[in-house]
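> First the structure, which I've put down as structure tokens, then a few questions once you've had a look.
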Amino acid sequence: MSDRGFFISLEGIDGSGKSTLKEGLMKEMGQTHPVVGIREPGGTIVSEKIRDMLLDARNSGIMGRTEALLYAAARSQVVEEVVRPALGRGKIVIADRFMDSTVAYQGYGRGLDLQLLIDLNRICTGGLYPDLTLYLDIDPLKAYRRRLHEQPDRLEQEGLEFQVRVRAGYLKLAATEPRIHQLDASQNQQQLLDEALRLIYAGLEIGE
Ligand SMILES: Nc1ncnc2c1ncn2[C@@H]1O[C@H](COP(=O)(O)OP(=O)(O)OP(=O)(O)O)[C@@H](O)[C@H]1O
Ligand SMILES: [Mg+2]
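Numbering of the sequence shown is given in the working numbering, commencing with residue -17 and proceeding in unit increments.
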């Protein structure tokens, strides 16, 4: 591992298993590597406040562009306050969502201009992009069924058609960005974790 650390992001539609995989990776990799986990939006006091605003089911009036800017503001803060310093200390950072969520959700999901979102991502990250992105691909209906018992937040109230558009966006991103590796998120948790670890260790070039 270089002294610059290694930055991994996990992406996928709601209920695809990002948080579950992140937990598994932190536990497994934490035994041998210094690992820092963040979730998006969130990870700092300011970013968590923005998260509350974004996910609050009462805030149904938030406009598409406002939403994109709020995500970008939260991301900007966590990049400077947490991600960059951790990478500078040689740590592995695992992000539960990052910049590709902006393009998939606000771009393909809501129809905002893709170039505007790409520019916004460059601005709010200061050009710091993940070394490796694992995209958890799953049929939205299957993902939805996994989470029937949970209370929907503002974004999750938008239904299946929205998730179908977001998935299509992710598939396009995964097909065009070499950084993004697509995983079958319908397989069981252990298989998914093993596959993710293989890809990460290959990326780290430290072998298994
Ligand atoms: N590989 C898997 N197979 C079956 N069930 C799974 C798998 N991974 C996660 N789950 C279950 O599916 C549900 C959603 O998983 P999780 O919360 O990790 O998804 P998420 O991508 O983080 O969702 P969100 O975008 O809403 O945060 C949870 O109940 C979890 O236990
Ligand atoms: Mg989650």
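Even for Gly, the Cβ is constructed at its ideal location relative to N, Cα and C.
Quick check: the stretch 47 to 67 against the stretch 84 to 97, are there 3 or more CB pairs under 8 Å?
With the cut-off at 8 Å, the stretch 47 to 67 and the stretch 84 to 97 touch.
> When you measure from the CB of L3 to every non-hydrogen atom of ligand 1, does any distance come out below 8 Å?
Checking the Cβ of L3 against ligand 1 gives yes.
> Between the stretch 28 to 35 and the stretch 92 to 103, do at least 3 Cβ pairs fall closer than 8 Å?
No: fewer than three Cβ pairs fall under 8 Å.
> If you follow the alpha helix (DSSP H) that Y168 is in, where does it begin and where does it stop?
In the sequence on display, residue 168 carries Ser and not Tyr. Neither: S168 is in no alpha helix (DSSP H) and is coded neither H nor E.
> Hey, how far is the Cα of F(-11) from the Cα of A77?
Looking at the two C-alpha atoms, the distance is approximately 8 Å.
> List the DSSP bridge partners of Y117.
Bridge partners of Y117: E(-7), Q164.
> When the Cα atoms are used, what is the spatial distance from G70 to G12?
Answer to the nearest angstrom: the Cα atoms are 18 Å apart.
> What's the call for N170, buried or exposed, on a 16-neighbour Cβ count within 10 Å?
Exposed is the call here.
> Taking only runs that begin and end inside the stretch 68 to 149, name each unbroken beta strand (DSSP E) of 3 or more residues, in chain order.
Those beta strand (DSSP E) runs which fall completely within the stretch 68 to 149 and span 3+ residues are 74 to 78, 114 to 119.
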